[in-house]
Amino acid sequence: MLASPAAAQLEKALDLQRQGRAQEALVLLERDLPSLRDAGDPARLAQALSAAGAASLATGKYPAALQYNREALAIHQKLGDAAAQARDWNFLGLADMYLANYGPSLDEYRHALALDRANGDRDGEIERLNNLGNVYYFQGRYLDALHSFESAMEKVNAAIGEKWYPRRRQITIANLATVYQRLGAEEKALALYSQLSSGNAVRPSEKAQMLLNQGVLYRRLGDPVKALDLYRSAQDLFSGDRHRDAEIGAWRNIGIVRGLDLQDLPGALQAFSAALKLARDAGNSRAEVQAELYSGEILRRMHRSKEAEESLAQAAAGAQRTGLVEEHWKALYSTGLLADAQGDPARAERCFTEALRLVESVRSGLQLASLKTDFLADKRDVYDALIELRLKTNQATPADLFQLIEHSRARTFQDRIATGKEPPLSLAGVQSKLDGATLLLEYWIGNNAAAVLWIKTGSAGIVRKEFAADQSAAVVAFATALSQGSDAWRSQAAIIGQLLLAGLPLDDQLRHVVLIPDGVLQAVPYEALQVPGASSLLIERYDVSYLPTAALLEKPHSAAHRWRFPWQRQLLAIGDPITGSSSAGDHWQPLPRAAEEIHTISHILDGRTEQHLGPDARKVYLTASPLLHLSTHAAADMQDPERSRILLAPADRSAAFDYLFLREIYGMDLKNVDLVTVSACDTERGKLVRGEGAQGFSRAFLAAGASASVTSLWRVVDSSAVEFMKQFYFGLSRGQSKAEALRSAKLAFLRSGSNLSHPKFWAPFVLSGDGQSPIAPVTPWSAIIAVAAVAMLSAAFWIYRGARTRACRIHTHLNTS
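For the sequence shown, the positions run 1 to 817 when the numbering used here is used.
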């Protein structure tokens, strides 16, 4: 029998938990668990373990939550308590979801869902369907998330009258609105948000979180005033619910929208000051440091240098004391900007260098979030500040500049492709990967300066560039002129060519140019630039390929370059999916020549082709193949990269169609893919994230393991795209490298003497990744038949010779006898 003091302590802990005082409850539970284990009451022990798991979840201690709920689950399974098992599986799913262990989380939620259905627990079933949708959402499987939330909504609508109906309805509607928002259907999201009642169906903190989500949506739609109103309403709810951490977060959102969108720096300072007071009253050290940091940055922008210095010093000291590395480097960076503005480059250098040391100590990678979400710099800004300072003081060397530039760009991408076996990236290491006919050009665009680092096998140099706002506008205008078919492109090509290529060692010994562009330069097809001092375009002198980072040069090529037998699949081609109306608001036009494109390519290549067209162009067939060709539609979302998508046919014929989202590609295994070609519009475009680059499909395929990809910078006419792909694959079939084959196709168009000679038709296609290797050759059937014939003749000869030898031995034996 459980001792009454222990029972009383358990009840007290459960009561604290019901009041939302999870940390206090957890302290009591952890203190009393040993006595509960000794009491011989498994049901009460399991109850305490489940409560400890829930309290651990609430306080962010996810590994502990897993441990407690696994132990509780084991006891509940022995006791045969199915309802408790469902709750335990759900808590396990939550903990794994927060830890980003999405595979185990899905399995755990499915276990809980199966038990709910077996028990007839409709409330639990709806909660589990919503949780499954949340995991799909985090995985980037947005249509799966939508389907799960819609299934939950069907269950909700069938449960009118249940006491839990209003709350489940509110939560499910909010989830549906969130996924529609991610799919770009903002009007549908707003319509759903308008259905949310203002009653007491959900807890105040849940209602406040919904208001914050709506605020984010209105801010994205360009209505910061409405967003600010929603943020204030959320803050009031959090305040009334005494949810201090969330209230501090709401004040932070208020400060951001006032400062960034409304340019109300005094109002922003007032909001951050309110957050600082709340953090101090609550004893929340992290929030206090962040509020000091935000206040210091606002004061710096208001040119109140002395006050800014004091706030930033407080933030840096607090961050160092509490181990907050992110906040520490941001405080140092802002302090460095203050020093630079005050004419103290030595102190600025020290601040920037120490900030970068902290950045590299965590190597957390650059985030894909827009800088509009924060006043403070992302890590790229710190690198830019130090690069610009060293260029200004003439302290930059090629080796140092290479390190800084490479550490400043595509860090999330670099983390994705890292295996842990690569040598440290260095200028000398990159030079060892180049041959004597290759020039690598790495561009850097800062706030007030620009530079190009050129690299050959035995030499390297820095060319500084002027790149003010008017130069940036000229670059964008050039790319736009090309895409629109402007007749003035030649004169612009000479101007932009002079801007970007002047001073670089573009000599006759070169055959290959590998480019790592930066900023707006990622929208420029360098092949269409005129070489300074010459009348030729860059594509007329060299083949061109692109990299998001020089770190890709350290990546070993896949085994796809080995010879293949003709019965092995060489090409997987998927295209011309069925079309229909989309829940995301897309309206796709038919692709009348997509099937022709795939059939023609199949006949050009020597190996076996697997084709999936029309209603068969489904996601399930997307597996690794030496060559992967997609001929379909694509949408590059310039606001949210995770909404970028490639059109496919649905698995369920009753649906309109399916998508392959950008985030899903990152999770694919394409290590044995030599080349991915996406014959669709805008597949190289994407949101330009400072420090990461353009979030297009090429880097997603490269991160998934593909050696190279061919994508497009703008919309291309269907008929010209088909002809271009024919030329490209013909070059590949002749043994040309991927970059050479692409150059041959472009030159064929350029020199055609027809309207196809305009760069509008050939310049958008760009090759990213390994362009110097040819595709894997296929052993022809004739060679196999010849080898087989020789082998058969050889075998016949040796059989005949063996028979003659045996006959001679018999004849000799008879004569001897």
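Ideal Cβ positions, reconstructed from N, Cα and C, are used throughout, including at glycine.
If you're wondering where the values come from, they're calculated on a predicted model, not measured in any experiment.
* **Bridge partners - A450, DSSP secondary structure assignment** => Position 450 of the sequence shown, counted from the start, is the residue given in the question as residue 450. As DSSP reads the structure, A450 sits in a beta bridge with I445, K465.
* Asked: For I254, which residues of its own chain have a beta-carbon under 6 Å away from its beta-carbon, when the five flanking residues on both sides are left out?
  -> Here residue 254 is taken as the residue at index 254 of the sequence shown, counted from 1. So the list reads Y231, A271, once near-sequence residues are dropped.
* Specify the secondary structure class of F847 as computed by DSSP and reduced to three states. => Residue 847 falls outside the range modelled here, since the chain spans only 1 to 817, and no answer is possible.
* Asked: So R286 packs on L312, CB below 8 Å; how close in whole Å?
  -> Within the sequence shown, residue 286 is the residue found at index 286, counting from 1. Within the sequence shown, residue 312 is the residue found at index 312, counting from 1. Not confirmed; about 16 Å, so no contact.
* For my contact list, G769 and A706 are in at a C-beta cut-off of 8 Å; report their separation, rounded to the angstrom. => Taking the first residue of the sequence shown as position 1, residue 769 is located at position 769. Taking the first residue of the sequence shown as position 1, residue 706 is located at position 706. Their Cβ separation, rounded to whole angstroms, is 7 Å, which keeps G769 and A706 in contact under 8 Å.
* To do: Answer yes if the segment 326-344 comes into contact with the segment 292-312, meaning at least three C-beta pairs across the two stretches below 8 Å, and no otherwise.
  => yes
* Taking L547 as the reference, which of Y443, I785, A74 has the closest Cα? -> The count along the sequence shown starts at 1 and reaches residue 547 at position 547. When Y443, I785, A74 are compared, the shortest CA-CA separation from L547 is found for Y443.
* Asked: Looking only at its own chain, which residues have a Cβ that is under 6 Å from the Cβ of A174, when we skip the five neighbours before and after it?
  -> Here the question's residue 174 lines up with position 174 in the sequence shown. Cβ-Cβ distances below 6 Å link A174 to M210 in the same chain, with the five nearest sequence neighbours on each side left out; the list follows chain order.
* Cβ neighbour criterion (16 or more within 10 Å) applied to G802 -> Working through the sequence shown from its first residue, we reach residue 802 at position 802. Its Cβ having fewer than 16 others within 10 Å, G802 is exposed.
* **Cβ neighbours of E597 in the same chain (closer than 8 Å, five flanking residues each side left out)** => Translated into the one-based positions of the sequence shown, residue 597 becomes position 597. Cβ neighbours of E597 beyond the five flanking positions: G575, S631, S679, A721, V722, M725, K726.
* Asked: By the 10 Å Cβ neighbour count, where 16 or more other Cβ atoms means buried, how is G53 classified, buried or exposed?
  -> Counted from its first residue, the sequence shown places residue 53 at position 53. The residue is buried, with at least 16 neighbouring Cβ atoms inside 10 Å.
* To do: Note down the Cα distance separating S415 from L16, rounded to an integer number of angstroms.
  => Counting from 1 along the sequence shown, the entry for residue 415 is found at position 415. Counting from 1 along the sequence shown, the entry for residue 16 is found at position 16. Ser is not the amino acid found at residue 415; the sequence shown has Asp there. Each residue's Cα considered, the two are about 42 Å apart.
* **First and last residue of the uninterrupted alpha helix (DSSP H) at T496** => Your numbering for residue 496 matches position 496 in the sequence shown. At residue 496 the sequence reads Ile, which differs from the Thr that was named. I496 -> alpha helix (DSSP H) spans 489-501.
* Alpha carbon to alpha carbon, how far is A316 from L553? Give it in angstroms, no decimals. => For this step, residue 553 is matched to residue 553 along the sequence shown. For this step, residue 316 is matched to residue 316 along the sequence shown. Rounded to whole angstroms, the gap between the alpha carbons of L553 and A316 is 38 Å.
* Those residues which DSSP pairs with G420 across a bridge -> Taking the first residue of the sequence shown as 1, we reach residue 420 at position 420. Per DSSP, none; premise fails for G420.
* To do: Tell me, please, whether the segment 417-431 touches the segment 486-497 by the rule of three or more beta-carbon pairs shorter than 8 Å.
  => no
* Asked: Quick one: is R728 buried, meaning 16 or more other Cβ sit within 10 Å of its Cβ, or exposed?
  -> For this step, residue 728 is matched to residue 728 along the sequence shown. The amino acid at residue 728 is misidentified as Arg; the sequence shows Phe. Burial call: buried.
* Asked: Thinking just about the alpha-carbon of each residue, which of G124, L441, V225 is nearest to the one in E162?
  -> Taking the first residue of the sequence shown as position 1, residue 162 is located at position 162. Among G124, L441, V225, the Cα nearest to that of E162 belongs to G124.
* For S754, is the classification buried or exposed, using 16 other Cβ atoms within 10 angstroms of its Cβ as the cut-off for buried? -> Stepping through the sequence shown from its first residue, residue 754 is reached at position 754. Exposed, since its Cβ has fewer than 16 Cβ neighbours within 10 Å.
* Cβ of T412 less than 8 Å from any chain B Cβ? -> Given the protein chain composition of this structure (a single chain), no chain B is represented.
* Asked: Start and end of the beta strand (DSSP E) containing A396?
  -> Here residue 396 is taken as the residue at index 396 of the sequence shown, counted from 1. Careful: A396 lies outside any beta strand (DSSP E) and carries neither H nor E.
* Are the Cβ atoms of L57 and F91 separated by less than 8 Å? -> As a working mapping, residue 57 is identified with position 57 in the sequence shown. As a working mapping, residue 91 is identified with position 91 in the sequence shown. Yes, they are a contact pair.
* Between G446 and the rest of its own chain, which residues show a CB-CB distance below 7 Å, the 5 nearest in sequence each way excluded? -> As a first step, residue 446 is located in the sequence shown; it is residue number 446 there, counting from the start. Counting only Cβ-Cβ distances below 7 Å, and skipping sequence neighbours, we find D384, I387, E388.
* Cross-strand partners of E292 (DSSP beta bridge) -> By 1-based counting over the sequence shown, the position of residue 292 is 292. The partner list for E292 (beta bridge, DSSP) is empty, contrary to what the question assumes.
* Asked: Quick one: is H603 buried, meaning 16 or more other Cβ sit within 10 Å of its Cβ, or exposed?
  -> The residue labelled residue 603 in the question sits at position 603 within the sequence shown. Exposed, because fewer than 16 other Cβ atoms sit within 10 Å of the Cβ of H603.
* To do: For the segment 42-79, list the alpha helix (DSSP H) runs that are entirely contained and at least 4 residues long, ordered along the chain.
  => 42-58, 62-79
* Do S625 and L571 have their C-beta atoms closer together than 8 Å? -> Translated into positions along the sequence shown, residue 625 becomes position 625. Translated into positions along the sequence shown, residue 571 becomes position 571. A contact, by the Cβ cut-off of 8 Å.
* Compute the distance between the beta-carbons of H407 and L358, then report whether it is under 8 Å. => Numbered from its first residue, the sequence shown carries residue 407 at position 407. Numbered from its first residue, the sequence shown carries residue 358 at position 358. H407 places its beta carbon 8 Å or farther from that of L358.
* Asked: Can you give, in chain order, each stretch of the alpha helix (DSSP H) that sits fully within the segment 132-199 and has at least 4 residues?
  -> Taken in chain order, the whole alpha helix (DSSP H) runs of length 4 or more contained in the segment 132-199 are 142-157, 165-182, 186-193.
* **Pick from D606, S536, Q530 that is closest to P566, judged by C-alpha positions** => Walking along the sequence shown from the start, residue 566 turns up at place 566. The candidate whose alpha carbon is nearest that of P566 is D606.
* Asked: What residue range is occupied by the uninterrupted beta strand (DSSP E) comprising E692?
  -> Looking up residue 692 in the sequence shown gives position 692. Where E692 is concerned, there is no enclosing beta strand (DSSP E), given that its DSSP letter is neither H nor E.
* Asked: If you count every other CB in all the chains shown that lies within 10 Å of the CB of E288, and 16 or more means buried, which is it?
  -> Mapped onto the sequence shown, residue 288 falls at position 288. The residue is buried, with at least 16 neighbouring Cβ atoms inside 10 Å.
* Asked: From this set, P592, L338, A246, which residue's C-alpha is nearest C351's C-alpha?
  -> Taking the first residue of the sequence shown as position 1, residue 351 is located at position 351. When each option's Cα is compared against that of C351, the closest is L338.
* Asked: Among the residues of its own chain, which have a CB less than 7 Å from the CB of L391, if the five just before and after it don't count?
  -> For the purposes of this step, residue 391 is identified with residue 391 of the sequence shown, where counting begins at 1. For L391, where only same-chain residues beyond five positions count, the Cβ hits under 7 Å are A449, A451, R464.
* For Y142, collect the residues of the same chain with a Cβ closer than 7 Å to its Cβ; drop the 5 residues on either side in sequence, then sort them by chain order. => In the sequence shown, residue 142 corresponds to position 142, counting from 1. Around Y142: V179, R182, L183, F661.
* **Contacting residues, own chain, Cβ-Cβ under 7 Å from P224 (five flanking each side not counted)** => Residue 224 sits at position 224 when you count from the first residue of the sequence shown. Here the set comprises V257, D261, L262.
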